[in-house]
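Residue numbers (this note's numbering), protein chains in the order written: chain H, 1 to 224; chain V, 225 to 622.
First up is the structure itself, then whatever we jot down about it.
Okay, structure coming up:
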């Protein structure tokens, strides 16, 4: 995938690049409005990660240009402003998703994948990981073409694991992905273990032992 | 006043006395003259009495009380008893004059004084009142203006100018003061806003880098623990930021898209969310349907904060009870004893129990949302239950 990261904070920009390149993506960067404008005009991207505040201009202006040129790129806005208004404005202008800083890179990655699925396959993509197949339209999982009934949370969890395969996911990241803002209310993570253990059991039953424990308390979805 | 009354009294009395004496002497002289011309003894009792006497006595001036038949009462007279020898005959001449009674003088003085004082008082009263009214008008107008002054409304204060030096000085001081207060308040708000906004990016950087570290190297379990612990703290800072900026937005009244909402369905949805995250039971009692007109986002936050506050402070074995009645919503959770400082409950960063992960902003946000929509939040402790109640304004509920 070809991804443009338009973010004026170089440290954040590079961290995103590092994470996304780990998945074999090609990343280009733009550190200001001019650069972003220039690159958007010249090249085609699959995904554009757009900071709202680009020092010399607004990321939303880039978004307008993209929509005028009928670009097929998926756009994810990242902003330090978490007001609903800004979010709605961004989405109204045609952004595919909106993330408030700070965010987990794993979360960004899973959003990118979701946007790609929607953009390229009209929300009809099936994700494959060895013997596991996920139909994202009907939100069902198959192992060796056998339907595996999963709860909503287990399904979300499996999708999150597969989109971030090979990465270490802490229970905090998982909790935040599954419960969003509510996750900060939690003071013990027992309920996460319950979901993960259930999913793990269901997968293991069918012979898919991919959920591994990392460093004692984190998780990693990986093929041996 | 009193002294002058007394002085005046004595002065008038002396004046009258000397006048009477003068008169008595002149009458006596006239009688003597008339006696020299003819010897008819006439008398005009009680005013004049003339008698022939054998010898001459001493001239005497004295006060006496005699019955006055013309007035039919006892009256005080001043009497001059004198003896004179006229044409070889001795005469005793008594001349009397009616004395104005002391009591009457005093009464007259006091009365006139009272009348004068009364009129002066009435006059001065109305004069001063009218004068003061004119004089203090700008002051009271400005006082009213100051009473109306509110930091939140951001309206500048309009003071009436006055020609009086002190008042115009006061106005200048008040204007400077309010401008300063307004500016400080704006700065403070701006500061909170800026801080929470500017912190997001560095937090994002730290978080992203930690994630990359976790994924790039083969760490040992301890290092991983440290890193995830840092992540947790970043999480806390992020939440703190979110809440602070929410508070600022509430103060700035930036929520202006009210919608008709059904509290019952919102509460049910929120409770379902919580059920996944907490083992504590939540019991919902619906005693009526409540419809509210408010920002949906804020209603979610209001419900979440109330319920999570109750959940956070209750033991897993007990249950939290949420009651919706037409007047409001009540959230109860069991507790051992009442809070020691319930008045501080809705302020920022107040917490009594050393609770884990509590930010101390939840109820402050509840308070702010209530302020915005004129709801009334209360806390009571009854039958070993902490009771949080939000009363919705009458007219907004059905």
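For each residue, glycine too, the CB sits at the ideal point set by N, CA and C.
Source: prediction; values computed, not measured.
By the C-beta criterion, the segment 248-258 of chain V is judged not to be in contact with the segment 170-181 of chain H, since fewer than 3 inter-stretch pairs fall below 8 Å. Contact annotation for residue 170(H) against chain V: 452 and 455 [CB-CB distance below 7 Å, chain order]. Only 11, 12, 15, 16, 18, 19 and 22 from the segment 10-22 of chain H bring a Cβ to less than 8 Å from some Cβ of chain V. Assignment of residue 43(H) by DSSP, reduced to helix, strand and coil, places it in the coil class. Using a Cβ distance threshold of 8 Å, residue 509(V) and residue 487(V) do not count as a contacting pair. Among the CB atoms of chain V, none fall inside 8 Å of the CB of residue 200(H).
Counting along the chain, residue 135(H) sits inside the beta strand (DSSP E) bounded by residues 132-135. Rounded to the nearest whole angstrom, the C-alpha separation of residue 416(V) and residue 477(V) is 15 Å.
When rounded, the separation of the alpha-carbon atoms in residue 32(H) and residue 495(V) is 44 Å. Here DSSP, grouped into helix, strand and coil, assigns residue 321(V) to strand.
Under the DSSP definition of a beta bridge, residue 214(H) partners with 218(H). Taking the Cα positions, residue 222(H) is about 7 Å away from residue 211(H). In its chain, beyond the 5 residues on either side, 465, 468 and 469 have a beta carbon closer than 7 Å to the beta carbon of residue 420(V).
In chain H, no part has a C-beta under 8 Å from the C-beta of residue 493(V); the shortest such distance is about 12 Å. Out of 314(V), 240(V) and 303(V), the CA that lies nearest to the CA of residue 326(V) is found in 240(V). One thing to note: residue 282(V) has its Cβ no nearer than 8 Å to the Cβ of residue 255(V).
Counting only the Cα atoms, residue 450(V) lies some 30 Å from residue 538(V). Rounded to whole angstroms, residue 402(V) and residue 472(V) show a C-alpha spacing of 21 Å. The segment 328-342 of chain V and the segment 229-238 of chain V touch, with no fewer than 3 CB-CB distances between them shorter than 8 Å. According to the DSSP assignment, residue 344(V) belongs to the alpha helix (DSSP H) that extends over 326-372. Taking one beta carbon from each stretch, the segment 143-156 of chain H and the segment 95-112 of chain H have fewer than 3 pairs nearer than 8 Å; the two do not touch. CA-to-CA, the gap between residue 333(V) and residue 345(V) works out to about 18 Å.
Between residue 15(H) and residue 432(V) a beta carbon distance of about 4 Å is seen, short of the 8 Å cut, so the two are scored as contacting.
For residue 63(H), the enclosing alpha helix (DSSP H) starts and ends at 59-68. Among the residues facing chain V, residue 152(H) is not included, as its CB has no counterpart in that chain under 8 Å away. Closest in C-alpha terms to residue 519(V), from the list 503(V), 364(V), 482(V) and 500(V), comes 482(V). Between residue 299(V) and residue 289(V), the C-beta spacing is below 8 Å. Residue 238(V) carries a helical assignment under DSSP once its states are collapsed to helix, strand and coil. If you look at residue 18(H), you'll find it isn't in any beta strand (DSSP E); it sits in the alpha helix (DSSP H) that goes 10-21. The beta-bridge partner set that DSSP reports for residue 309(V) consists of 314(V).
Here residue 545(V) carries a strand assignment [DSSP, helix/strand/coil].
Closest in C-alpha terms to residue 232(V), from the list 381(V), 337(V) and 456(V), comes 337(V). Under the DSSP assignment, residue 461(V) falls in the alpha helix (DSSP H) whose first and last residues are 445-475. Chain order gives the chain V residues near residue 80(H) as 421, 424 and 425, where near means a beta carbon separation below 7 Å.
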